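K.L.:
Residue numbers (the numbering used here): 7 to 363.
Ideal Cβ positions, reconstructed from N, Cα and C, are used throughout, including at glycine.
Since we're looking at a predicted model, the values are computed, not measured.
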Ligand code: NAD
Ligand code: TYD
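1) With 16 other CB atoms within 10 Å as the buried threshold, where does residue 364 fall?
2) Looking at ligand 1, does it come within less than 7 Å of residue 169, judged from the CB to the closest heavy atom?
3) Contact check, residue 321 vs residue 258 under 8 Å by CB: the rounded distance?
4) Using only CA atoms, which one of 68, 203, 224 and 308 lies nearest to residue 118?
5) State the Cα-Cα distance for the pair residue 178 and residue 284, rounded to the nearest angstrom.
6) Hey, how far is the Cα of residue 341 from the Cα of residue 196?
7) Tell me whether residue 77 sits in a helix, a strand or coil according to DSSP, three-state version.
8) Keeping to the same chain, check which residues put their C-beta closer than 7 Å to that of residue 362; ignore five residues upstream and five downstream.
9) In chain order, which beta strand (DSSP E) runs of at least 3 residues are fully inside the segment 234-293?
10) With a CB to CB cut of under 6 Å and the five nearest residues on each side skipped, what residues in its chain are close to residue 91?
11) By how many angstroms is the C-alpha of residue 349 removed from the C-alpha of residue 101?
12) In terms of residue numbering, what span does the alpha helix (DSSP H) encompassing residue 220 cover?
13) Is the separation between the beta-carbon of residue 216 and that of residue 298 shorter than 8 Å?
14) Does the pairing of the segment 14-21 with the segment 30-50 give three or more beta-carbon distances under 8 Å?
15) According to DSSP, is residue 232 part of a helix, a strand, or is it coil?
16) From which residue to which residue does the alpha helix (DSSP H) around residue 313 run?
17) Decide if the segment 127-139 is in contact with the segment 234-252; the criterion is three or more beta carbon pairs, one per stretch, under 8 Å apart.
18) Which residues does DSSP list as the beta-bridge partners of residue 192?
19) When the Cα atoms are used, what is the spatial distance from residue 294 to residue 269?
20) With DSSP as the reference, label residue 55 as helix, strand or coil.
21) Is the segment 80-90 touching the segment 31-40 in the sense that three or more CB pairs, one from each, lie closer than 8 Å?
22) Can we say the segment 106-113 touches the segment 309-320, given the rule of at least three CB pairs closer than 8 Å?
23) By DSSP's criteria, residue 153 is part of a beta bridge. Which residues make up the other side?
24) Would you kindly work out how many angstroms separate the C-alpha atoms of residue 307 and residue 339, rounded to a whole number?
25) Does any heavy atom of ligand 2 sit closer than 7 Å to the C-beta of residue 202?
26) Below 7 Å, is the gap between the Cβ of residue 221 and the nearest heavy atom of ligand 2?
27) Could you check where the alpha helix (DSSP H) with residue 173 kicks off and where it finishes?
28) The alpha helix (DSSP H) that contains residue 26, what's its start and end?
29) Identify which residue in 281, 148 and 8 has its Cα closest to the Cα of residue 58.
30) Is residue 315 near ligand 1, in the sense that its beta carbon is under 7 Å from a heavy atom of that ligand?
31) Given that a residue counts as buried once 16 or more other Cβ atoms are within 10 Å of its Cβ, and exposed if not, what is residue 287?
32) Just the C-alpha distance for residue 79 and residue 31, rounded to the nearest angstrom, thanks.
33) For ligand 1, I want to know if residue 88 counts as a neighbour, meaning its beta carbon is within less than 7 Å of at least one of the ligand's heavy atoms.
34) Please report how far the alpha carbon of residue 140 lies from the alpha carbon of residue 278, in whole angstroms.
35) Tell me whether residue 291 counts as near ligand 2, meaning its Cβ is closer than 7 Å to at least one heavy atom of that ligand.
36) Note down the Cα distance separating residue 289 from residue 159, rounded to an integer number of angstroms.
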């Protein structure tokens with residue numbers, strides 16, 4: 007099959023592209039604008055595979071989308087391109103509205119135009135998979151409650167509101183135009199190639215640099231953490247096996263308080279990186295409580311029983327094993343980190359292009 011992946015240079019998208027190229031015989035076109043969050047260095051392991059190709063394209067550019075659909079003739083679309091960081095959405099929401107809402111609209115229209123013209127057999131097997139977040143449900147108050155696929159939407163941040171909007175558009179395009187869609191809403195991901203603005207990579211890299219470890223508010227907020235490669239496996243299963251119109255929640259059964267996540271990283275670093283920066287006796291001493299995020303959601307937790315029952319998917323990584331692998335990865339992949347921190351990853355495309363001359 008030909009699989010069009012949007013946002014394939016991002017954290018989860020790159021895991022999806024690596025998963026498909028390494029474990030199937032399908033062809034992948036990675037369509038990505040390469041914002042600050044897009045990093046082609048995360049795809050070095052597949053970049054030279056003949057079944058992989060890349061196009062630097064904005065999902066808001068309808069003309070470019072139409073051309074890509076005509077040339078690549080996708081059998082499946084996996085839509086991950088998005089602005090994804092809650093804190094950035096609070097300081098500047100415009101890109102979130104443009105990419106997450108308008109961009110999803112443009113992609114839906116390009117897909118509908120292409121899908122309408124397909125021959126009947128291809129039309130029947132085609133799928134548009136919208137990848138979304140559990141943050142559309144808002145936060146949970148009780149300690150026992152879980153998000154299910156029928157939990158009402160109540161997004162709190164500009165990010166989650168823009169993702170909720172895109173989910174509604176996708177469902178409307180199914181109901182109104184019959185577009186064959188599937189949707190997934192996933193909990194917080196972590197793992198290799200994670201941009202260090204998000205909690206886990208930020209804490210690892212700050213600790214290694216002897217910098218403060220910022221914990222928002224009292225650190226009691228709870229997230230349900232899923233190892234990114236478990237998510238990539240789930241997404242492939244859903245796009246290839248789910249019935250049209252279905253939604254699946256995906257989660258790791260790993261509820262953790264933020265402060266406990268930060269402490270677990272410090273404990274792992276004590277073992278794996280015992281040579282601490284000058285002046286640091288214990289990594290935990292770097293923990294610093296800072297001003298809380300406005301509108302901060304208190305607790306997310308996913309009921310992932312539907313995907314387990316229907317598709318037989320369960321996470322393979324526990325938080326303990328996944329976090330250890332993640333810390334180890336950040337200790338070993340210093341070049342990737344240096345290039346992200348210096349901004350050099352932005353030049354990778356030019357460098358690669360020049361190297362091929
Ligand atoms: P990310 O920020 O790491 O990557 C997003 C990618 O989209 C980047 O490569 C970026 O260049 C690209 N992009 C942004 N705007 C674009 C545009 N206009 N046109 C084309 N490409 C564009 O995000 P991520 O963490 O990999 O998340 C991927 C998807 O999964 C998002 O839709 C997000 O909402 C969803 N999600 C993320 C998490 C999480 O914990 N990170 C959890 C659940 C769902
Ligand atoms: P984040 O990784 O930004 O994901 P999300 O906001 O999508 O859940 O944040 C995870 C949790 O960690 C969230 O409750 C906010 C908190 N947090 C901190 O306490 N300090 C930080 O420096 C960051 C980036 C996040």
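P.N.:
In brief:
1) The structure shown does not extend to residue 364, since the chain spans only 7 to 363, so no value can be given for it.
2) Answer for residue 169: yes, Cβ within range of ligand 1.
3) Confirmed, about 5 Å.
4) It is 68.
5) In a straight line, the C-alpha of residue 178 is about 57 Å away from that of residue 284.
6) The alpha-carbon atoms of residue 341 and residue 196 are separated by roughly 19 Å.
7) The DSSP-derived three-state label of residue 77 is helix.
8) The pLDDT assigned to residue 362 is 48, lower than 50, so where the model puts this residue is not dependable; a value taken from the coordinates is nonetheless given after this. Around residue 362, the same chain offers no residue with a beta carbon nearer than 7 Å, after the five sequence neighbours per side are excluded.
9) Listed in chain order, the beta strand (DSSP E) elements of length 3 or more contained wholly in the segment 234-293 are 253-256 and 261-263.
10) Excluding sequence neighbours, residue 91 sits near 203.
11) About 20 Å.
12) Per DSSP, residue 220 belongs to no alpha helix (DSSP H); it is in the beta strand (DSSP E), 219-222.
13) Against a cut-off of 8 Å, the Cβ pair of residue 298 and residue 216 comes out as no contact.
14) Put simply, the segment 14-21 touches the segment 30-50. At least three CB pairs are less than 8 Å apart.
15) Strand, per DSSP.
16) That run of the alpha helix (DSSP H) goes 311-317.
17) In short, these stretches touch, since the Cβ pair count reaches three.
18) 139 and 256, per the DSSP bridge assignment.
19) So the alpha carbons of these two residues sit roughly 12 Å apart.
20) Under the three-state reduction of DSSP output, residue 55 falls in the coil class, being neither helix nor strand.
21) With the cut-off at 8 Å, the segment 31-40 and the segment 80-90 touch.
22) Result no; under three Cβ-Cβ pairs closer than 8 Å.
23) Answer is 308, bridged to residue 153.
24) Taking the straight line from one Cα to the other gives about 31 Å.
25) No, the Cβ of residue 202 stays beyond 7 Å of every heavy atom of ligand 2.
26) Yes; taking the cut-off as 7 Å, the Cβ of residue 221 has a heavy atom of ligand 2 nearer than that.
27) Membership of residue 173 in the alpha helix (DSSP H) is indicated by the continuous run 164-183.
28) Its alpha helix (DSSP H) spans residues 17-29.
29) Comparing Cα-Cα distances from residue 58 to each of 281, 148 and 8, the minimum goes to 8.
30) Outside the cutoff, so no.
31) The residue in question, residue 287, is exposed, as its Cβ has fewer than 16 Cβ neighbours within 10 Å.
32) Approximately 16 Å, taken between the alpha carbons.
33) For ligand 1, a non-hydrogen atom lies closer than 7 Å to the CB of residue 88.
34) Straight-line Cα distance between these residues: approximately 32 Å.
35) Not under cutoff, so the answer is no.
36) Looking at the two C-alpha atoms, the distance is approximately 39 Å.
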